[in-house]
Amino acid sequence: MSNNIIVYSSNFCNYCVQAKKLLEKLNLSYNEINIQNFPEKRDEMLLKSNGKRTVPQIFVNDHYVGGFDELNKLVQKGELDSLLLNE
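Reading the sequence shown from the start, the letters are residues 6 to 92 in our numbering.
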């Protein structure tokens with residue numbers, strides 16, 4: 006069973022780039038949903054993130070993480086592993 010990581014992003018978003026680089030550095034695959042390219046996904050993101058409009062919005066196995074800063078804090082504290090499925 007593989008991890009389901011979703012990154013809602015937009016064009017020219019530095020924090021989105023940083024979040025994706027961090028996940029790649031950790032060898033974690035993710036699904037990116039660009040809400041500028043797929044505007045119909047914006048409502049989905051707002052619903053799942055309780056109305057948060059900024060990007061990135063990151064979800065790990067249906068757990069709402071937040072943005073890049075929150076993802077980075079989880080990694081720094083070693084707490085991201087608890088959200089990941091052991092494969």
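Cβ coordinates follow ideal geometry from the N, Cα and C atoms, glycine included. Predicted model only: the values in this text are computed from it and were never measured.
VAL65 versus LYS57, LEU76, ASN55 and ARG58, residue with shortest Cα-Cα distance: On the sequence shown, position 60 is the one that residue 65 refers to. Ranking LYS57, LEU76, ASN55 and ARG58 by Cα distance to VAL65 puts LEU76 first.
Span of the alpha helix (DSSP H), counted from its first residue to its last, around GLU49: As a position in the sequence shown, residue 49 is number 44, starting the count at 1. Looking at the DSSP string, the run of the alpha helix (DSSP H) that includes GLU49 is 46-53.
Straight-line gap, PHE73 to GLU45 (C-alpha atoms, nearest Å): Counting from 1 along the sequence shown, the entry for residue 73 is found at position 68. Counting from 1 along the sequence shown, the entry for residue 45 is found at position 40. Whole-angstrom Cα-Cα distance: 23 Å.
Helix, strand or coil at TYR35 according to DSSP, with G and I counted as helix: If you number the sequence shown from 1, residue 35 lands on position 30. Here TYR35 sits in coil by DSSP.
Validate contact between the region 43-58 and the region 16-28 using beta carbons, cut 8 Å, 3 pairs: no
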